[in-house]
Amino acid sequence: MRSYFLTTALTLAAFAISASPSQAEDNAHIPASYMKPDGRVVVVGNDGLEKVLVGIASIVERSHPGLHYDFVLKGSSTGLPALAANATLFAPLTREARHAEISGFKQARGYEPVAVQIGYSGWGPRPNGKTPTAVYVSRSNVLASISIDDLSRVFSSGNSHGDLNLWGQLGEQGEASERRIHLYGLRDDGSFATALRERLFDNHPYAARYEPLGSYASVLKAVSTDPYGIAIVGWVKPSDVPREVRLVPIKNEDGTLKTPARQIVASGSYPLSSGIYFYIDKAPGKPLDPLVRAWVDAALSREGQAVIAAQANTVEGYLPLAPEDLLRQQEALKSF
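Numbering (the working numbering), first residue to last: 574 to 909.
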């Protein structure tokens, strides 16, 4: 993973670091390493964010007129390596950065990047888009809901409150109560399953019962024929979910049930929701680059949030921040 990160960073740096001296003088506030020879500012990140970035750029132009951008959008995995190499103004991602990405940035820069959340990424199920991360079981399984804490105790090993191994520990009755919980998911290979373990399971290893498979389709197929199985998968089209499988709501501490439905994601209360983030290079004790601040301020403005809201019914299904989350991000920026 470290080798991949550094190789990607060097490639992106070589791509971006070619501005002429005269152009650098004309744009003194912008490091030449993320400027192209024609003066365009490079932004590297998620491939589904182009319309959002174009819309926010039009807001930024009011305070920084005359600048043009080259959006190199090849996926969220390209953002942090480019930021570490100073090859992008900021890194727009539609998920939280993974531990390896943060570590790679810190190794290159000596400090961690700052994450600013500007929206939520995806909701569902819906016909024209993918459903965000969710828990699935067979329709023959009677599990009504599951808490994040129980999910961690089921899927990972070494929990402080004890691991959960049997369906009876989740409230199943009768014969099912004595059956082991069969776990399905993707391989713990540095991508989705690894990020899930790091984010939700306090970095505990997966339980020995966990069966890693090669694709979401394989995971859902396995659950569809196993009444004692449970799975967590990421972005899937509703048409790819077998009829024999159903989504399990997440139970919050107050007892309310949460699914990735639009109104729940928009409220900021779906625990498995992915966010839209601008990762920025903010060295401790140094001021934030004025152009980066302009982008962040624009994204968190009323107009910027409207740009994100306009994507709600597209394939991406982006949603603006709930008022509480928006205020939290705005307050955090005051310390920069």
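For every residue, glycine included, the Cβ atom is placed at its ideal position computed from N, Cα and C.
- Message: Within 10 Å of its beta-carbon, does Thr798 have 16 or more other beta-carbons around it, so buried, or fewer, so exposed?
- Response: exposed
- Task: Give the single residue among Gly683, Phe851, Gly648, Glu669 whose Cα lies nearest to the Cα of Thr767.
- Result: Glu669
- Message: For a test of the three-state rule: what should DSSP assign to Val818, helix, strand or coil?
- Response: strand
- Option nearest Val616 by Cα separation, candidates Gly639, Ser649, Ser636: Ser649
- Task: Please report how far the alpha carbon of Ala780 lies from the alpha carbon of Arg760, in whole angstroms.
- Result: 13 angstroms
- Item | Tyr850 versus Tyr693, Ser733, Ala905, His672, residue with shortest Cα-Cα distance | Tyr693
- Query: Which residues in the same chain as Ile823 place their Cβ atom closer than 6 angstroms to its Cβ, once the five residues preceding and following it in sequence are excluded?
  - Reply: Lys831, Pro844
- Tell me the DSSP bridge mates of Gln690? Tyr850
- Message: Taking the straight line between their C-alpha atoms, what separation do you get for Trp740 and His672?
- Response: 32 angstroms
- When DSSP labels each residue in this structure, what does Phe774 get in the three-state scheme? coil
- Neighbourhood of Phe571 by C-beta, 6 angstroms cutoff - its chain only, sequence neighbours within 5 removed: No answer is possible for residue 571: it lies beyond the span of the chain, which begins at 574 and ends at 909.
- The alpha helix (DSSP H) enclosing Pro654, as first and last residue numbers: 652 to 657
- Query: So, Glu876 versus Ile691, is the Cβ gap smaller than 8 angstroms?
  - Reply: no
- Query: How many Å lie between Lys810 and Asp762 at the Cα?
  - Reply: 23 angstroms
- Query: Relative to the C-alpha of Leu820, which residue among Val627, Gly697, Asp611, Leu646 is closest?
  - Reply: Gly697
- Task: Check whether the Cβ atoms of Pro893 and Gln903 lie closer than 8 angstroms to each other.
- Result: no
- Leaving aside the five residues before and after Gly807 along the sequence, list all residues of the same chain whose C-beta is less than 6 angstroms from its C-beta, in chain order. Thr706, Phe765
- With DSSP collapsed to three states, give me the class of Ile805. strand
- Item | Cβ shell of Tyr783 (< 6 angstroms), same chain only, five flanking positions each side left out | Leu756
- Message: I'd like to know if the segment 650 to 658 and the segment 679 to 686 are in contact, where contact means that at least 3 CB-CB pairs between them fall below 8 angstroms.
- Response: yes
- Task: Take Ala839 as the anchor and find which of Arg613, Pro785, Glu897 has the nearest alpha-carbon.
- Result: Glu897
- Message: Tell me which residues share the same chain as His637 and place their Cβ nearer than 7 angstroms to its Cβ, disregarding the 5 neighbours each side in the sequence.
- Response: Leu864, Ala867
- Note the first and the last residue of the continuous alpha helix (DSSP H) segment covering Asp643. Where Asp643 is concerned, there is no enclosing alpha helix (DSSP H), although the beta strand (DSSP E) it sits in stretches over 642 to 646.
- Out of curiosity, what's the CA-to-CA distance linking Ser846 and Pro833? 7 angstroms
- Ile805 versus Asn825, Asp775, Arg770, Gln836, residue with shortest Cα-Cα distance: Arg770
- Query: Leu899: buried (16+ other C-beta within 10 angstroms of its C-beta) or exposed?
  - Reply: buried
- Task: Tell me where the alpha helix (DSSP H) around His672 begins and ends.
- Result: 672 to 682
- Message: So, with DSSP's three-state summary, where would you put Arg699?
- Response: strand
- Query: What residues are listed by DSSP as bridge partners for Tyr607?
  - Reply: Note: Tyr607 sits in no beta bridge, so no partner.
- Message: Given this structure, state the Cα-to-Cα distance separating Asn600 from Val645, to the nearest angstrom.
- Response: Unreliable positioning characterises Asn600 in this predicted model, as indicated by a pLDDT of 39, which lies under 50. The coordinate reading is nonetheless provided below. For Asn600 and Val645, the distance between alpha carbons rounds to 20 angstroms.
- Task: Leaving aside the five residues before and after Gly528 along the sequence, list all residues of the same chain whose C-beta is less than 8 angstroms from its C-beta, in chain order.
- Result: Nothing in the structure corresponds to residue 528, since the chain is present only between 574 and 909.
- Task: Go through its chain and collect everything with a Cβ distance to Ile629's Cβ below 8 angstroms, but skip five positions before and after it.
- Result: Trp868, Ala871, Ala872, Gly877, Val880
- Under 8 angstroms by Cβ, that's how I've got Ala660 and Tyr607 pegged, so tell me the actual separation to the nearest angstrom. 6 angstroms
- Task: Report the residue from Asp722, Asn701, Gly848 whose alpha carbon sits nearest the alpha carbon of Asn886.
- Result: Asn701
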